[in-house]
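Novice: Sharing a structure below in structure tokens format, with a few things to ask.
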Amino acid sequence: MTVRSSWRRRASLYAASLACCVASLAAVPTGASAAPAPVGSPAKAAAAATFTDDFNGAAGSAVDGGKWQIETGDNVNNHERQYYTAGNSNAALDGQGNLVITARKENPNNYQCWYGRCEYTSARLNTSGKFTQAYGHVEARMKVPRGQGMWPAFWMLGDDIGSVGWPASGEIDVMENVGFEPGTVHGTLHGPGYSGSGGIGAAYTLPGGQAFADGFHTFAVDWAPNSVKWSVDGNVYQTRTPADVGGNQWAFNKPFFLILNLAVGGYWPGDPDGSTSFPQQLVVDYVHVTTQ
Ligand SMILES: [Ca+2]
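Residues -26 to -1, 1 to 266 (mature numbering (1 follows the signal peptide of the UniProt record, and there is no 0)) are what the sequence shown spells out, left to right.
Given below as structure tokens:
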């Protein structure tokens, strides 16, 4: 998403305790130890789930506050047009196993934005202070909205952002889509010396003129020390290593937290126009993180 408007510093205690628990989970025997590994195929520990939200719950209910915190307010840095609301107003379960983030053309509470009275509402969630992890497989299954000005994203920020700031914190954009490119998503790294429009990334385009808004797709990174690999529906389309950051610091060998949001308008997507219909929805079937 490039930059944020505000950041609330979180205690690093959470990261320390999670690092502890991730390590012990990974060491739990799988129960299949009696079967010898085939020759030439070294035994590999099973991936352990470290964060799972399948968004099961009653229709209309808010997300699990034990897993997510809701960010509120506007975002002047990207010139986004929406106001992010609290509670379940713009982020709610649908009762069928999905989280739905809804962007509406409304302003029921007279929210004020950087450009005046806000024109839209939407939602942004993150796991800061609740879940962080270094490395592993990070995946969401989602159906994106459609239309000019839509900017859904699934991304991560370095957990040390409160102390070192952005972009020194690092940012891993697992998936971003802008409405004027309905068949394309982007995966990007931002760090010191390669942030904003200088981010390092690549795009993945669906075959046959399909639009991402037509159905659910999985968006993932496989992240290891000195390596981030992006995939859509299991198709790897980009791998980045320290050799790609032009002599700058590789900012991704440390814990990050997760972010899901649906922005409306901004420098990159441009603002909605007469062709954009509201409401629009980012529908998230699940977010899963495993140790590998
Ligand atoms: Ca689900």
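Ideal placement from N, C-alpha and C gives every residue a C-beta, glycine not left out.
1) Do the segment 229 to 249 and the segment 55 to 62 meet, that is, are 3 or more Cβ pairs less than 8 angstroms apart?
2) Any heavy atom of ligand 1 within a distance shorter than 8 angstroms of the CB on glycine 132?
3) Taking a cut-off of 6 angstroms, which residues have a beta-carbon closer than that to any heavy atom of ligand 3, in chain order?
4) Quick check on aspartate 147: does DSSP put it in helix, strand or coil?
5) Please report how far the alpha carbon of serine 201 lies from the alpha carbon of glycine 220, in whole angstroms.
6) Counting beta carbon pairs with one atom in the segment 166 to 173 and one in the segment 126 to 136, are three or more of them shorter than 8 angstroms?
7) Counting only runs of 4+ residues fully inside the segment 217 to 265, write out the alpha helix (DSSP H) ranges in chain order.
8) Looking only at its chain, what residues have a beta carbon closer than 7 angstroms to the beta carbon of glycine 248, apart from the 5 residues adjacent to it on each side?
9) Given this structure, state the Cα-to-Cα distance separating proline 246 from methionine 124, to the nearest angstrom.
10) What separation, rounded to the nearest whole angstrom, lies between the Cα atoms of glycine 170 and alanine 23?
11) Put valine 206 into one of helix, strand or coil per three-state DSSP.
12) On the CB-based measure, 16 or more other CB atoms within 10 Å of its CB, does glutamine 184 come out buried or exposed?
13) Suppose the cutoff is 6 angstroms on Cβ atoms and the five residues either side in sequence are ignored; what does the same chain contact list for glutamate 155 look like?
14) For alanine 60 versus valine 74, is the C-beta spacing smaller than 9 angstroms?
15) Where do the N-terminal and C-terminal ends of the alpha helix (DSSP H) with serine 35 fall, by residue?
16) For lysine 104, which of Val261, Phe25 and Gln255 has the nearest alpha-carbon?
Specialist: With the structure as the only source:
1) Short answer: they touch.
2) False, no ligand heavy atom lies under 8 angstroms from that Cβ.
3) Among the ligands present in this structure, namely ligand 1, ligand 3 is not found.
4) It is a strand residue.
5) In a straight line, the C-alpha of serine 201 is about 15 angstroms away from that of glycine 220.
6) No: fewer than three Cβ pairs fall under 8 angstroms.
7) If one requires a minimum length of 4 residues, no alpha helix (DSSP H) run lies completely within the segment 217 to 265.
8) Same-chain partners within the cutoff: there are none.
9) Straight across, the Cα-Cα distance linking proline 246 with methionine 124 is about 7 angstroms.
10) When rounded, the distance between both Cα atoms is 32 angstroms.
11) Looking at valine 206 - three-state DSSP - the assignment turns out to be strand.
12) The residue is exposed, with fewer than 16 neighbouring Cβ atoms inside 10 Å.
13) Answer for glutamate 155: no residue qualifies.
14) No, Cβ-Cβ distance for alanine 60 and valine 74 is not below 9 angstroms.
15) Taken as a continuous stretch (DSSP letters only), serine 35 belongs to no alpha helix (DSSP H), as it is neither H nor E.
16) Selected option, being the one with the closest Cα: Phe25.
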